[in-house]
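S.K.: Quick one: this structure, given as structure tokens, is what I'll be asking you about.
Set out below in structure tokens:
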């Protein structure tokens, strides 16, 4: 709680005297905005006078929830309008050649928008959030408040085989980050507001407040306290209520439970979960590999050509790959007969060949990952939320249809139920977020009576993929670089630290031909004990420890007898600028040295890191990280 505060306002200007705790939200807010417009400065004064820090954060969480919900609904509206305009006149009884054109146009327009308007990479939205949390002090560029909405609307509306959820999560997080910067909030509060934006975005686009909360806690947040839980709930509930007012109270998908869960279906639920785990693993691994193909292409038009051709051909032969795929999900969840499921064959060359339905759906499961990767790799903008739901629904349906036709036991499983369960299974596997999978599907469909099988399938899927892949599709790119925040507090603290911030670069440099007398003169004003000997190009040759030569540095008669090249020694270990902080800690742990040199990958000397400074920085970050 803030201490007593006093203020003086004079001639429409604001002079503030804040007798408050150092570093309070009020002080930070005023210091940040004092050079801005008068309205904002007066607002900071009002905040400091009337609100506690906790109240202030809750208001910000509410505003983030409002912004996330509005952005989510605007995006969904744009996507639906573009898709309806382009495809509403198609003849469902035959394939349409425009499927070869629309996706290419979509990713081309998106690529141009990103290159010439945004001028920044906005792909892999959730990965960017994770990177901002670990490496950018929670700072997400302001343009992400709107750029992802425009880019993903163009991509998905024209047929890009991706989801709108990841871009809108980035948008919500950017709104939270922007508000945090506006009021100059600390790193931990910035992380919380980013989490509020992400949870609000998921809650708003899916009408799923609990899923929004779970997603943020499982995928983004590293630590949960009661202080952080309440703002997240405020953001989720605000976004959900606004979406209810905008679109109505009904769930996103109309699902009617005609066949309640029975205990004798537990084995089949476990088997479905294992299948979903392998589908998730296939999706994750293939996407990662195919992304590397696009990564090796430096030319925008080369990426567009490859991505456009792959996407257009796949959509032409398999129209369910067009856009988010939610219409296919609706068909499989609502189908009360096999005839309704056959609607999936509309607009394709397979129309009228109902006997090939399972083959058709099996091919879609295999090819969806290529369509999704081609969309983003070719220049489009979208996420993997919708693809995972799409794959899960089809996977669950195919599993149940095959089981009913060729099952080893007499147990019959309801196809619509298992299509729903498959959605939870694949989402849990792809995102490594079983709770998110359970609650999201329950809230998306109103299938709350299937909580038990939802949990069974989600846990089985998660355990299956976790045996092969330890990180989610979002986190794996950062994990390889040691830049990922985790629920392990020690590792998270190390991730928040940077090597460059603790390097001492001020020590004088020595050269190999310097005599002892010159060395003594060069280091006489320094309090350090370790000095680098470098060549003419800055490469390190060795290190001189003043303690090791103490017996001779006071003997002036020896000043012209010894050179630096004779006195230097090789260090026990060497740190590299590309080492992550876990590696730095390990190197200090495996040697007795109190100070180690830091070199660039090419051998150029940068500076020294002391064990004392390293541990001091670690304790300070841990303290800041753990404070309520």
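Residue numbers (my numbering): 7 to 634. Note that beta-carbon positions come from the ideal geometry of N, C-alpha and C, so glycine has one too. Predicted, not measured: the structure shown is a model, and the values here were computed from it.
Using 10 angstroms around the beta-carbon of residue 122, count the other beta-carbons present and answer buried if the total reaches 16, otherwise exposed.
M.R.: As a first step, residue 122 must be located in the chain shown, where it is residue number 116. Exposed, by the Cβ-count rule.
S.K.: Using the C-alpha atoms, what's the distance from residue 394 back to residue 433?
M.R.: If you number the chain shown from 1, residue 433 lands on position 427. If you number the chain shown from 1, residue 394 lands on position 388. The alpha-carbon atoms of residue 433 and residue 394 are separated by roughly 5 Å.
S.K.: List the DSSP bridge partners of residue 616.
M.R.: The residue labelled residue 616 in the question sits at position 610 within the chain shown. Its beta-bridge partners are 601.
S.K.: Buried or exposed: which applies to residue 269, given that a residue is buried once 16 or more other Cβ atoms fall within 10 Å of its Cβ?
M.R.: Here residue 269 corresponds to residue number 263 of the chain shown, with the count starting at 1. Its Cβ having fewer than 16 others within 10 Å, residue 269 is exposed.
S.K.: Whole angstroms is fine: what's the gap from residue 459's alpha carbon to residue 403's?
M.R.: Indexing the chain shown from 1 puts residue 459 at position 453. Indexing the chain shown from 1 puts residue 403 at position 397. Distance between the alpha carbons of residue 459 and residue 403: 15 Å.
S.K.: If you pair each beta-carbon of the region 179-188 with each one of the region 145-164, do three or more pairs fall below 8 Å?
M.R.: Touching, yes, given that three or more Cβ pairs across the two stretches are closer than 8 Å.
S.K.: Between residue 602 and residue 543, what straight-line distance do the alpha-carbon atoms span, to the nearest angstrom?
M.R.: Start at 1 with the first residue of the chain shown, and residue 602 comes out as number 596. Start at 1 with the first residue of the chain shown, and residue 543 comes out as number 537. Distance between the alpha carbons of residue 602 and residue 543 is about 20 Å.
S.K.: Which term fits residue 438, buried or exposed, when burial requires 16 or more other beta carbons within 10 angstroms of its beta carbon?
M.R.: By one-based count along the chain shown, residue 438 stands at place 432. So residue 438 counts as buried.
S.K.: Along the chain, where does the beta strand (DSSP E) containing residue 551 start, and where does it finish?
M.R.: Translated into the one-based positions of the chain shown, residue 551 becomes position 545. From DSSP, the beta strand (DSSP E) with residue 551 extends over 546-551.
S.K.: Per DSSP, what are the beta-bridge partners of residue 582 in this structure?
M.R.: Here residue 582 refers to the residue found at position 576 of the chain shown. According to DSSP, residue 582 bridges with 605.
S.K.: Among 235, 440 and 179, which residue has its Cα nearest to the Cα of residue 73?
M.R.: Position 67 of the chain shown, counted from the start, is the residue given in the question as residue 73. Closest option to residue 73, Cα to Cα, is 179.
S.K.: With a threshold of 7 Å on Cβ separation, who are the neighbours of residue 349 within its own chain once the five nearest residues in sequence on each side are excluded?
M.R.: Taking the first residue of the chain shown as position 1, residue 349 is located at position 343. These residues qualify, in order along the chain: 337.
S.K.: With a 10 Å radius around its C-beta and 16 neighbouring C-beta atoms as the bar for buried, classify residue 635 as buried or exposed.
M.R.: The shown model of the chain, from 7 to 634, leaves out residue 635, and the question about it has no answer.
S.K.: What are the partner residues of residue 233, as DSSP defines its beta bridges?
M.R.: Start at 1 with the first residue of the chain shown, and residue 233 comes out as number 227. None, per the DSSP bridge assignment.
S.K.: Measuring CA to CA, which of 569, 504 and 537 is closest to residue 587?
M.R.: Counting from one through the chain shown, the residue named residue 587 turns up at place 581. Selected option, being the one with the closest Cα: 504.
S.K.: Assuming residue 640 contacts residue 166 (C-beta within less than 8 Å), just tell me the rounded distance between them.
M.R.: Residue 640 lies beyond the residue range present for the chain, which begins at 7 and ends at 634; the question has no answer from this structure.
S.K.: Taking the alpha carbon of residue 255 as the point to measure from, which residue in 578, 277 and 214 has its own alpha carbon closest?
M.R.: Residue numbering aside, residue 255 sits at position 249 when the chain shown is read from its first letter. Nearest of 578, 277 and 214 to residue 255, Cα basis: 214.
S.K.: Report the option in 507, 110, 576 and 529 whose CA atom is closest to the CA atom of residue 546.
M.R.: As a working note, residue 546 is residue 540 in the chain shown. Comparing Cα-Cα distances from residue 546 to each of 507, 110, 576 and 529, the minimum goes to 576.
S.K.: When DSSP labels each residue in this structure, what does residue 516 get in the three-state scheme?
M.R.: Translated into the one-based positions of the chain shown, residue 516 becomes position 510. Of the three classes helix, strand and coil, the one that applies to residue 516 here is strand, per DSSP.
S.K.: Identify the continuous alpha helix (DSSP H) that holds residue 445 and give its terminal residues.
M.R.: Taking the first residue of the chain shown as 1, we reach residue 445 at position 439. Per DSSP, residue 445 belongs to the alpha helix (DSSP H) from 440-451.
S.K.: Would you decide whether residue 366 is buried or exposed? Buried here means 16 or more other CB atoms lie within 10 Å of its CB.
M.R.: The residue you call residue 366 lines up with position 360 of the chain shown. With 16 or more Cβ atoms within 10 Å of its Cβ, residue 366 is classed as buried.
S.K.: Where do the ends of the beta strand (DSSP E) carrying residue 318 lie?
M.R.: Along the chain shown, read from residue 1 onward, the residue named residue 318 stands at position 312. No beta strand (DSSP E) holds residue 318; the alpha helix (DSSP H) holding it covers 306-323.
S.K.: Tell me whether the beta-carbon of residue 251 lies closer than 7 Å to the beta-carbon of residue 222.
M.R.: Against the chain shown, residue 251 aligns to sequence position 245. Against the chain shown, residue 222 aligns to sequence position 216. Their beta carbons are not under 7 Å apart, which means residue 251 does not touch residue 222 by this criterion.
S.K.: Going by the CB atoms, is the gap between residue 370 and residue 326 shorter than 7 Å?
M.R.: Translated into positions along the chain shown, residue 326 becomes position 320. Translated into positions along the chain shown, residue 370 becomes position 364. In contact: residue 326 and residue 370 (Cβ atoms closer than 7 Å).
S.K.: Please report whether the beta-carbon of residue 101 lies at a distance below 7 Å from any beta-carbon of chain B.
M.R.: Among the chains in the structure shown there is no chain B, since it carries only a single protein chain.
S.K.: Exposed or buried, what is residue 461 when buried is set at 16 or more other beta-carbons lying within 10 Å of its beta-carbon?
M.R.: The count along the chain shown starts at 1 and reaches residue 461 at position 455. Answer is buried; the Cβ neighbour count reaches 16.
S.K.: Can you tell me whether residue 79 is buried or exposed? The criterion is at least 16 other CB atoms within 10 Å of its CB, across all chains shown.
M.R.: Start at 1 with the first residue of the chain shown, and residue 79 comes out as number 73. Buried, because 16 or more other Cβ atoms sit within 10 Å of the Cβ of residue 79.
S.K.: Could you check the C-alpha separation between residue 612 and residue 278 for me, to the nearest Å?
M.R.: By 1-based counting over the chain shown, the position of residue 612 is 606. By 1-based counting over the chain shown, the position of residue 278 is 272. Answer to the nearest angstrom: the Cα atoms are 54 Å apart.
S.K.: Tell me whether residue 389 sits in a helix, a strand or coil according to DSSP, three-state version.
M.R.: As a working mapping, residue 389 is identified with position 383 in the chain shown. The answer is strand: DSSP assigns residue 389 an E or B state.
S.K.: If you run the structure through DSSP and keep just helix, strand and coil, what is residue 208?
M.R.: Residue mapping note: residue 208 aligns to position 202 of the chain shown, counting from 1. Three-state result, residue 208: helix.
S.K.: For residue 217 versus residue 445, is the C-beta distance shorter than 7 Å?
M.R.: Locating residue 217 in the chain shown gives position 211, counting from the first residue. Locating residue 445 in the chain shown gives position 439, counting from the first residue. Contact flag set, yes.
S.K.: For residue 479 versus residue 399, is the C-beta distance shorter than 7 Å?
M.R.: Numbered from 1 along the chain shown, position 473 holds the residue referred to as residue 479. Numbered from 1 along the chain shown, position 393 holds the residue referred to as residue 399. Against a cut-off of 7 Å, the Cβ pair of residue 399 and residue 479 comes out as no contact.
S.K.: Can you tell me where the alpha helix (DSSP H) with residue 101 in it begins and where it stops?
M.R.: Working through the chain shown from its first residue, we reach residue 101 at position 95. Taken as a continuous stretch (DSSP letters only), residue 101 belongs to no alpha helix (DSSP H), as it is neither H nor E.
S.K.: What does residue 380 pair with, by DSSP beta-bridge criteria?
M.R.: Sequence index remark: in the chain shown, residue 380 carries index 374 (1-based). Answer is none; residue 380 lacks a bridge partner.
S.K.: Look at the alpha carbon of residue 506 and the alpha carbon of residue 580, and state the distance between them as a whole number of angstroms.
M.R.: Translated into the one-based positions of the chain shown, residue 506 becomes position 500. Translated into the one-based positions of the chain shown, residue 580 becomes position 574. Those two C-alpha atoms are separated by around 15 Å.
S.K.: Is the region 103-118 touching the region 305-315, taking contact as three or more C-beta pairs under 8 Å?
M.R.: Judged by Cβ distances under 8 Å, the region 103-118 makes contact with the region 305-315, as three or more pairs qualify.
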